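A.B. asks: Quick one: the structure is below, and I'll ask about it shortly.
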Amino acid sequence: MKSITDLEVGGRVVLLRADLNVPLDGGRITDDGRIRASLPTITALVGRDARVLVCAHLGRPKGVDYAARAAGGPSLRPVADRLGDLLARSVELASDAAGPAAAKLAGALADGEVGVLENVRFEPAETAKDDAERGRFAATLAALATRYVGDGFGALHRRHASVFDVPALLPHAAGELVLAEVAVLRELTEQPRRPYVVVLGGAKVSDKLGVVGNLLKTADRILICGGMAYTFLAALGYEVGRSLLEADQIGNVSGVLSAAAERGVEIVLPVDLVGASRFAPDAAHDVYPVTAFPADREGLDIGPETCELFASKLADAQTVFWNGPAGVFEFPAFAAGTRAVAEAISQVRGLTVVGGGDSAAAVRQLGFSDAAFSHISTGGGASLEYLEGRTLPGLAALEDEA
Ligand code: ADP
Ligand code: MG
Numbered sequence: 059m060k061s062i063t064d065l066e067v068g069g070r071v072v073l074l075r076a077d078l079n080v081p082l083d084g085g086r087i088t089d090d091g092r093i094r095a096s097l098p099t100i101t102a103l104v105g106r107d108a109r110v111l112v113c114a115h116l117g118r119p120k121g122v123d124y125a126a127r128a129a130g131g132p133s134l135r136p137v138a139d140r141l142g143d144l145l146a147r148s149v150e151l152a153s154d155a156a157g158p159a160a161a162k163l164a165g166a167l168a169d170g171e172v173g174v175l176e177n178v179r180f181e182p183a184e185t186a187k188d189d190a191e192r193g194r195f196a197a198t199l200a201a202l203a204t205r206y207v208g209d210g211f212g213a214l215h216r217r218h219a220s221v222f223d224v225p226a227l228l229p230h231a232a233g234e235l236v237l238a239e240v241a242v243l244r245e246l247t248e249q250p251r252r253p254y255v256v257v258l259g260g261a262k263v264s265d266k267l268g269v270v271g272n273l274l275k276t277a278d279r280i281l282i283c284g285g286m287a288y289t290f291l292a293a294l295g296y297e298v299g300r301s302l303l304e305a306d307q308i309g310n311v312s313g314v315l316s317a318a319a320e321r322g323v324e325i326v327l328p329v330d331l332v333g334a335s336r337f338a339p340d341a342a343h344d345v346y347p348v349t350a351f352p353a354d355r356e357g358l359d360i361g362p363e364t365c366e367l368f369a370s371k372l373a374d375a376q377t378v379f380w381n382g383p384a385g386v387f388e389f390p391a392f393a394a395g396t397r398a399v400a401e402a403i404s405q406v407r408g409l410t411v412v413g414g415g416d417s418a419a420a421v422r423q424l425g426f427s428d429a430a431f432s433h434i435s436t437g438g439g440a441s442l443e444y445l446e447g448r449t450l451p452g453l454a455a456l457e458d459e460a
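Position 323 of the sequence shown, counted from 1, bears residue number 381 in the numbering used here, the numbering being contiguous throughout.
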C-alpha cells in the first residue's frame, strides 16, 4: 500500500477521503476525536503544497434525492469550522458535494489550502448498491482532483463511491491514520502477546457475533457486557426482564458458547446487573444478581461484582481489545461499569486498543486521556470487520496499485 510520501502532491488537487463523522448534539460537536485524528495527514499534505479537497460523510441523511437530503442535513458546516479552528487556518465549505460549488472550490484552492466538500451522503449514488450508478458518481468526484488519499478509516468497510470506487480512478495512497489503524489491527491479529483479552459490549449482539466467532481463533478470554450480554444470559436460561434482547440470536449465541468451550476460550458474562425501572437518566434502579433479575426491570449497566470480576480477568492481560460500552454510559447513573472497564484496561501494561465511535466517546466523556490506552481507534465497524477476518472494500481499493 502506498503512503502519501509516495505520491506527488505539490500543486495538485488531492481529494482526501476523511472520516469526520463526529457525534452531534443539535449542531454541536460532542467529540471531535475523528477530526483531530485526520489532522496529521491534512497537515502533511498542506506542508507539501497540496491543494487539499476534503470529502467526508456525516450522519445518515434521509430523502429520495440530493435536494431532500441537503434540506434535511446534517451539513458538514460545524465540522469544517472545527477543522479550521484546529488547523488555525480558514477552511472553506462547498455548498454541494460534487456539483458546481465543489468544482468551483476545487478550482479556487491555492497551494497549501484546505477546502471541504458538503456531506457526500447527500448524494444517494454515494451508497448505491448498483455499481454503474456508484461508478458515475465516483467519476464526478474524481474529476475534481488529480490525486486521491484514503484516510477515512472508519468508512473503509463500506463499498461506497468515495471510499471504494474513486481510488481506482486516480493515483492514490493511504493516509497516516489508515496506516496507523491497520498497523494496530495487524498487531492484534498476528501473534498477539498473551493473555489476549477482548471486552465486547454495546447495543447489538447481531452486529458483534461474527467478530466473536472469529476471535475464538485468537483470543484467550472474551468478556461480554453492555446490551449484548442479555442475549448471552438469556441463552443460558436467565431472566433478563425488559433488557435489550435479540431473541432470534439465541441459537447463534448458544453456538458461539459451545464453540468457545471446545476451543478452550473463556467467555466471561456479568454476574450482577443494574436494573432500572425504565430507560431514562433518572430511573429508579438497583443491583441484582443475574440469578434474580426482576421481570419488570431493564438492565442498563453491569453491577459492582461484575466490575471486580472483569478487572481480575484483565489484570494479567498482555493484549486487550475493547469495543462497546458496558452500559448506557450516556446516563451518569449507568456509567459506572464502563468507567470500571476503562479503568481496568488503563492499568494493563501491554497493547490496549479501544475501538468504536461510542466507546471512544465514552472514555473521553468519562475523563480518560487518550494516553491511558495504546490506541483509540476511530472506526468501530471497520475494526470489527477487520478482526472478523473480512476484506474491507476501501482497504482493498487502496492496496490495489494497478
Ligand atoms: P461502539 O460505537 O463503540 O461500537 P455500539 O454502537 O455497539 O458501540 O454501542 C453503544 C451503545 O450501546 C451506547 O449508546 C450505549 O448506551 C448502548 N448500551 C450499552 N449497554 C446497554 C444496555 N444495557 N442497554 C441498552 N443500551 C446499551
Ligand atoms: Mg456505535
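We treat Cβ as the ideally placed atom computed from N, Cα and C, and that holds for glycine.
All values reported here derive from a predicted model rather than from experimental measurement.
For LYS463, is the classification buried or exposed, using 16 other Cβ atoms within 10 angstroms of its Cβ as the cut-off for buried?
C.D. replies: With the chain covering only 59 through 460, there is no way to say anything about residue 463.
A.B. asks: Kindly examine the ligand ADP and report whether one of its heavy atoms sits closer than 7 Å to the Cβ of ALA261.
C.D. replies: For ALA261, the shortest C-beta to heavy atom distance toward the ligand ADP is below 7 Å.
A.B. asks: Quick check on the DSSP output: the beta strand (DSSP E) that includes ASP123 runs from which residue to which?
C.D. replies: Taken as a continuous stretch (DSSP letters only), ASP123 belongs to no beta strand (DSSP E), as it is neither H nor E.
A.B. asks: Considering Cα atoms alone, identify which of ALA334, ALA341, ASP374, GLY142 is closest to ILE360.
C.D. replies: The candidate whose alpha carbon is nearest that of ILE360 is ALA334.
A.B. asks: To the nearest whole angstrom, what separates the beta carbons of VAL221 and GLY437, a pair I think is in contact under 8 Å?
C.D. replies: VAL221 to GLY437, Cβ: 12 Å. No contact.
A.B. asks: Take THR204 and list the residues in its own chain whose beta-carbon comes closer than 7 Å to its own, dropping the five residues that flank it on each side.
C.D. replies: ARG70, VAL71, LEU228
A.B. asks: I'd like to check one pair, VAL314 with VAL270: are the Cβ atoms closer than 8 Å?
C.D. replies: Contact flag set, yes.
A.B. asks: Apart from the five residues just before and just after LEU450, which ones in its own chain have a Cβ nearer than 7 Å to its Cβ?
C.D. replies: Excluding five sequence positions before and after LEU450, the CB atoms of its chain that fall closer than 7 Å to its own CB belong to LEU214, HIS215, ALA440, GLU443, TYR444, given in chain order.
A.B. asks: Nearer than 7 Å: is that true of the beta carbon of SER301 relative to any heavy atom of the ligand ADP?
C.D. replies: yes
A.B. asks: If we count the other Cβ atoms within 10 Å of its Cβ and call it buried at 16 or more, is GLN249 buried or exposed?
C.D. replies: Exposed.
A.B. asks: With DSSP as the reference, please indicate the residues paired to SER61 in a beta bridge.
C.D. replies: ALA232
A.B. asks: Within its chain, find whatever has a CB closer than 7 Å to the CB of GLU245; leave out the 5 residues flanking it on each side and keep chain order.
C.D. replies: So the list reads LEU409, once near-sequence residues are dropped.
A.B. asks: Between ALA108 and GLY68, how many whole angstroms is the CB-CB distance? I'm expecting something under 8 Å.
C.D. replies: 7 Å
A.B. asks: Evaluate LEU358 with the Cβ neighbour count: other Cβ atoms within 10 Å of its Cβ, from every protein chain shown; 16 or more gives buried, anything less gives exposed.
C.D. replies: buried
A.B. asks: Enumerate in chain order the residues of its own chain whose CB-to-CB distance from PRO253 is below 8 Å, with the five nearest sequence positions on each side excluded.
C.D. replies: ASP278, ARG279, ASP374, ALA375, GLN376, THR377
A.B. asks: Taking Cβ to Cβ, would you say ALA183 is nearer than 8 Å to ARG192?
C.D. replies: yes
A.B. asks: Between GLY299 and the rest of its own chain, which residues show a CB-CB distance below 8 Å, the 5 nearest in sequence each way excluded?
C.D. replies: GLY333, PHE351, PRO352, ALA353, ASP354, ARG355, GLU356, GLY357
A.B. asks: According to DSSP, simplified to helix, strand and coil, what is CYS283?
C.D. replies: coil
A.B. asks: Between LEU424 and the rest of its own chain, which residues show a CB-CB distance below 8 Å, the 5 nearest in sequence each way excluded?
C.D. replies: In chain order, PHE387, ALA393, THR396, ARG397, ALA400 place their CB closer than 8 Å to the CB of LEU424, counting only its own chain and leaving out the 5 sequence neighbours on each side.
A.B. asks: Determine the DSSP secondary structure at LEU358, reduced to helix, strand or coil.
C.D. replies: strand
A.B. asks: Whose C-alpha, out of GLY130, LEU141, SER404, is nearest the C-alpha of PHE180?
C.D. replies: Distances from the alpha-carbon of PHE180 to those of GLY130, LEU141, SER404 put GLY130 closest.
A.B. asks: Give a yes or no on whether the C-beta atoms belonging to ASP209 and ARG75 are separated by under 8 Å.
C.D. replies: yes
A.B. asks: Do HIS230 and VAL263 have their C-beta atoms closer together than 8 Å?
C.D. replies: Not closer than 8 Å, so no.
A.B. asks: Give me whichever residues DSSP pairs with GLU366 in a beta bridge.
C.D. replies: For GLU366, which the question treats as bridged, DSSP gives no partner whatsoever.
A.B. asks: Do VAL122 and LEU145 have their C-beta atoms closer together than 8 Å?
C.D. replies: no
A.B. asks: Of all the options ALA125, GLY84, PRO98, which has the alpha carbon lying nearest to the alpha carbon of THR63?
C.D. replies: PRO98
A.B. asks: Is ASP416 near the ligand SAM, in the sense that its beta carbon is under 7 Å from a heavy atom of that ligand?
C.D. replies: You won't find the ligand SAM in this model; what it holds is the ligand ADP and the ligand MG.
A.B. asks: In this structure, does DSSP put GLU288 in helix, strand or coil?
C.D. replies: Here residue 288 turns out to be Tyr, not Glu, going by the sequence shown. TYR288 falls in the helix class under three-state DSSP.
A.B. asks: Is any heavy atom of the ligand MG found at a distance shorter than 7 Å from the C-beta of GLY438?
C.D. replies: Distances from the CB of GLY438 to the heavy atoms of the ligand MG include at least one below 7 Å.
A.B. asks: With respect to 7 Å, is the separation between the Cβ of ASN79 and the closest non-hydrogen atom of the ligand ADP below this value?
C.D. replies: no
A.B. asks: Can you tell me the Cα-Cα spacing of ALA156 and ASP89, whole angstroms?
C.D. replies: 27 Å
A.B. asks: Note the first and the last residue of the continuous alpha helix (DSSP H) segment covering PHE195.
C.D. replies: 189 to 200
A.B. asks: Does DSSP put THR377 in a helix, in a strand, or in coil?
C.D. replies: strand
A.B. asks: Are VAL104 and GLY165 touching if we call contact CB-CB under 8 Å?
C.D. replies: At the C-beta level, VAL104 and GLY165 stay beyond 8 Å of one another.
A.B. asks: Going by C-alpha to C-alpha distance, which of PHE389, VAL329, VAL255 sits closest to GLU363?
C.D. replies: By alpha-carbon distance to GLU363, the top candidate from PHE389, VAL329, VAL255 is VAL329.
A.B. asks: Would GLY284 and GLY382 qualify as a contact pair, given that the criterion is a beta-carbon distance under 8 Å?
C.D. replies: yes
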